[in-house]
Amino acid sequence: MNTLPTRMAFGRELIELAKENENFVVCNADTKTCSLEQFEKLYPHRAFSFGIAKQNLVGGAAGLAACGNKVFLATFAVFASMRACEQVRTFVCYPKLNVTIIGTHTGLQVGGDGATHAAIEDVAIMRSFPNMTIVQPADAVAARKIARMAVDFEGPLYIRLHRNAAEDIYDESYEFHLGKANLVKNYGSDLTIISSGILLAKALQAAEILKEEGIFVRVLDMATIKPLDTEAILRAAEETGAIMTVEDHTIYGGLGSAVSEVVVQNRPVPMEIVGIRDRFGESGDPELLYRDHGMDVPSIVDKAKRLFARK
Amino acid sequence: MCVILSQFTYTDADVVRLENQAAALRQDILNMIHAAKAGHPGGSLSAIDMITALYFHVLRIDPKNPDWADRDRFILSKGHACPALYAALARRGFFDPEILPTLRQYGSILQGHPDMNKVPGLDMSAGSLGNGLSIGVGMALSARLHKQDYTTYVMLGDGEIQEGMVWEAAMAANHHDLKNLVAIVDCNGVQINGWTNDVMTVEPLADKWRSFGWRVVECDGHNMQQILHALHTAKTMRHCTAILMRTVKGKGVDFMEDNPAWHGAAPSDEQLVQAICQVKEGGRAQ
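Printed below as a string of structure tokens:
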């Protein structure tokens with residue numbers, strides 16, 4: 006089974022795409038993010054180094070985009086969303102410039118680097134900016150498809166990528182549709198698990214265990230977090246009567262918040278939001294951290310059972 | 051590889067024409083801020099002579115084709131001085147000057163700080179200080195990437211350069227050898243809470259820019275001959291160049307000059323009459 010990190014799959018695909026598509030440039034900070042550091046060696050005239058200066062990185066990207074270039078910039082999500090937060094808001098989103106922000110090293114999966122480097126608030130921040138589109142692949146296959154979408158995308162785009170290897174869920178027949186949730190498993194109508202990013206794998210494992218225990222769930226991959234596929238969420242509420250969200254992010258302002266905003270305003274049903282609960286990340290094996298934060302497979306199964314009981 | 055920047059010439063007649071144009075734009079600035087009952091007259095009046103030189107003589111621009119790919123770029127990083135830029139764009143023919151009194155009003159294209167998607171001829175949104183030079187770096191990189199010969203100008207306030215990001219951009223411009231980038235620092239010595247060197251010393255200014263690898267040109271920012279000379283010299287440097295222009299905040303209106311209270315305040319009806327009278331005089335005196 007292929008187990009490439011989503012960040013590497015995305016970056017390598019972009020380098021592949023550069024062969025046939027001359028219409029984009031890459032801005033890099035001095036971080037090892039998604040192998041785009043290699044881009045400079047292959048396409049020196051289309052790559053720009055900004056050093057350890059993330060605000061300038063985003064500002065420079067905005068200037069390039071204002072002159073008609075399609076710009077990709079890559080840095081750790083924690084810096085893109087917070088160190089350069091205002092530059093993303095005021096100089097990319099407000100003027101609606103064609104900049105794709107590749108945010109890597111997201112969530113607890115960062116592991117050893119600890120709290121300073123684990124972006125657990127980035128979706129909440131990016132989601133609050135008008136004109137921003139947010140996409141998060143669940144595996145390397147989706148990351149490659151999203152890279153193909155991104156080169157032709159117009160406007161501010163945030164791609165959320167993970168650091169470590171994640172097992173593939175999809176095969177090459179997977180097609181990414183911007184703004185559309187993907188029904189990955191449909192075992193029945195007891196409840197719906199909506200996930201985004203690499204925790205989809207855990208959601209799917211939980212679905213199998215639940216099936217064995219007599220609870221038949223659906224699993225939706227919400228790869229596009231903004232704009233949200235409200236139709237799919239409302240269908241889930243209508244047809245399964247309970248929704249659980251699973252994300253590698255704080256429960257404040259991320260996927261769970263986004264889904265519940267739709268649910269409570271349109272079709273209230275019991276919900277359970279699985280994510281980081283008002284805590285910072287810390288160093289450690291990601292699987293231990295997920296367990297500690299109630300985001301591992303047994304925790305998802307337990308929470309799903311409790312949710313089902315509330316229907 | 052190296053694209054030669056287009057150069058300009060000027061005559062004594064140009065200097066007189068530009069001085070008179072600046073005096074007319076000063077009236078627009080005062081009228082706009084008076085009508086809006088808010089705005090930033092001090093920094094608009096210190097910047098207007100340079101902005102006049104740029105928009106009425108130096109910049110390669112075409113009001114009929116504001117999105118012309120090969121146009122020179124101008125970023126007003128000190129975005130609060132936008133009444134000066136709006137007046138210049140309107141009088142240069144980018145939009146109807148009748149719109150000028152709608153500054154800061156609901157529904158107006160003339161936002162309190164500039165929005166590039168609303169105003170024809172405006173190259174970049176601005177307002178949050180310290181950001182413009184980074185964007186100028188991006189624009190200058192784009193010119194080189196596409197072998198275009200336009201120049202990118204970024205105007206900053208001397209208080210604004212207290213923002214650390216300015217120096218990230220200054221470092222990057224030198225690193226990338228951006229010969230097509232000109233920073234213009236409006237050294238009026240005043241910021242909202244007082245005199246710049248009381249709030250946070252920015253001197254020695256020329257040494258700072260030089261130590262970041264920039265060429266430095268200094269001029270009197272209210273002397274049109276010196277302004278044109280400085281802009282001309284900047285284009286001959288073949289290196290990123292900072293024009294440090296010594297200015298007077300509120301220049302042209304005696305009660306506004308060098309007075310922090312006029313950083314962001316609108317003149318009353320009476321003060322407007324007095325101010326307009328003074329800037330008209332100033333135009334003729336020159």
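Quick note, the sequences are listed as chains E and V, same order.
Note that the first sequence ends on residue 316 in our numbering; no numbers are left out.
Note that the second sequence ends on residue 336 in our numbering; no numbers are left out.
Each residue gets a CB set at the ideal place from its N, CA and C atoms; glycine is no exception.
Reference residue i, options the options, closest by Cα
i: residue 250 of chain V; options: V:125, V:84, V:241, V:257; result: V:241
i: residue 171 of chain V; options: V:145, V:108, V:265; result: V:145
i: residue 190 of chain V; options: V:231, V:204, V:326, V:127; result: V:231
i: residue 99 of chain V; options: V:188, V:131, V:86; result: V:131
i: residue 19 of chain E; options: E:48, E:36, E:257; result: E:48
i: residue 114 of chain E; options: E:307, E:313, E:57, E:292; result: E:292
i: residue 308 of chain V; options: V:155, V:158, V:243; result: V:243
i: residue 214 of chain E; options: E:308, E:287, E:174; result: E:308
i: residue 136 of chain V; options: V:124, V:330, V:150, V:325; result: V:150
i: residue 54 of chain V; options: V:127, V:110, V:286; result: V:286
i: residue 195 of chain E; options: E:205, E:273, E:23, E:316; result: E:316
i: residue 42 of chain E; options: E:68, E:77, E:273; result: E:77
i: residue 59 of chain E; options: E:23, E:296, E:40, E:84; result: E:84
i: residue 295 of chain E; options: E:140, E:71, E:125; result: E:125
i: residue 51 of chain E; options: V:226, V:283, V:256; result: V:226
i: residue 313 of chain V; options: V:88, V:138, V:108; result: V:88
i: residue 22 of chain E; options: E:132, E:150, E:12, E:128; result: E:150
i: residue 181 of chain E; options: E:208, E:278, E:210, E:144; result: E:144
Identified DSSP bridge partners for residue i
i: residue 99 of chain E; result: BP columns for residue 99 of chain E are empty, so no partner.
i: residue 290 of chain E; result: BP columns for residue 290 of chain E are empty, so no partner.
i: residue 52 of chain E; result: E:31
i: residue 244 of chain V; result: V:241
i: residue 162 of chain E; result: E:105, E:138
i: residue 101 of chain V; result: DSSP, once it has assigned bridges, lists no residue as partnering residue 101 of chain V.
i: residue 306 of chain E; result: None; residue 306 of chain E has no bridge partner.
i: residue 236 of chain V; result: V:207, V:295
i: residue 276 of chain E; result: E:248
i: residue 281 of chain E; result: E:255
i: residue 202 of chain V; result: V:123, V:231
Chain-ordered chain V contacts of residue i [CB-CB under 8 Å]
i: residue 22 of chain E; result: None at all; the shortest Cβ gap to chain V is about 18 Å.
i: residue 50 of chain E; result: 195
Where residue i meets chain E, residues with beta-carbon distance less than 7 Å
i: residue 218 of chain V; result: 58, 60, 61
Where residue i meets chain E, residues with beta-carbon distance less than 8 Å
i: residue 185 of chain V; result: 64, 65, 67, 68, 71, 96
i: residue 166 of chain V; result: 71, 100
i: residue 173 of chain V; result: 71
i: residue 191 of chain V; result: 53, 65, 68, 69
i: residue 222 of chain V; result: 55, 56, 58, 61, 65
Contact set between residue i and chain V, taken where Cβ atoms lie within less than 9 Å
i: residue 91 of chain E; result: 178, 181
Per-residue contacts from residue i into chain E (C-beta, under 9 Å)
i: residue 188 of chain V; result: 32, 53, 64, 65, 66, 67, 68, 69, 70, 71, 72, 74, 76
i: residue 215 of chain V; result: 58, 60, 61, 64, 92
i: residue 119 of chain V; result: 72, 73
Pair within 9 Å by beta-carbon distance, residue i and residue j
i: residue 91 of chain V; j: residue 332 of chain V; result: no
i: residue 198 of chain E; j: residue 224 of chain E; result: yes
i: residue 174 of chain V; j: residue 182 of chain V; result: yes
i: residue 122 of chain V; j: residue 59 of chain V; result: no
i: residue 75 of chain E; j: residue 103 of chain E; result: yes
i: residue 302 of chain E; j: residue 280 of chain E; result: no
i: residue 296 of chain V; j: residue 269 of chain V; result: yes
i: residue 211 of chain V; j: residue 252 of chain V; result: yes
i: residue 154 of chain V; j: residue 75 of chain V; result: no
i: residue 266 of chain V; j: residue 291 of chain V; result: yes
i: residue 229 of chain E; j: residue 185 of chain E; result: yes
i: residue 255 of chain E; j: residue 168 of chain E; result: no
i: residue 322 of chain V; j: residue 115 of chain V; result: no
i: residue 268 of chain E; j: residue 238 of chain E; result: yes
i: residue 259 of chain E; j: residue 276 of chain E; result: no
i: residue 79 of chain E; j: residue 36 of chain E; result: yes
Chain A within 9 Å of residue i, Cβ atoms only
i: residue 97 of chain E; result: Absent from the structure: chain A. Protein chains present are E and V.
Quiz item: Which runs of the beta strand (DSSP E) fall wholly inside the segment 129-159 of chain E and span at least 3 residues, in chain order?
Solution: Within the segment 129-159 of chain E, the beta strand (DSSP E) runs of at least 3 residues that lie entirely inside it are, in chain order, 138-140.
Exercise. Pick out the complete beta strand (DSSP E) segments inside the segment 118-196 of chain V, 3 residues or longer, and give them in chain order.
Key: Here the runs fully enclosed are 123-126.
Quiz item: Mind pulling the alpha helix (DSSP H) runs of 4 or more residues that sit fully within the segment 167-244 of chain E?
Solution: Listed in chain order, the complete alpha helix (DSSP H) runs (minimum 4 residues) inside the segment 167-244 of chain E are 205-217.
Quiz item: Could you give the uninterrupted runs of the beta strand (DSSP E) lying entirely in the segment 252-330 of chain V, keeping only those of 3 residues or more?
Solution: Here the runs fully enclosed are 265-270, 291-296.
Quiz prompt | Runs of alpha helix (DSSP H) lying entirely within the segment 60-130 of chain E, each at least 4 residues, in chain order | solution = Listed in chain order, they are 90-93.
Exercise. Counting only runs of 4+ residues fully inside the segment 69-96 of chain V, write out the alpha helix (DSSP H) ranges in chain order.
Key: Residue ranges of uninterrupted alpha helix (DSSP H) with 4 or more members are absent from the segment 69-96 of chain V; none lies entirely inside it.
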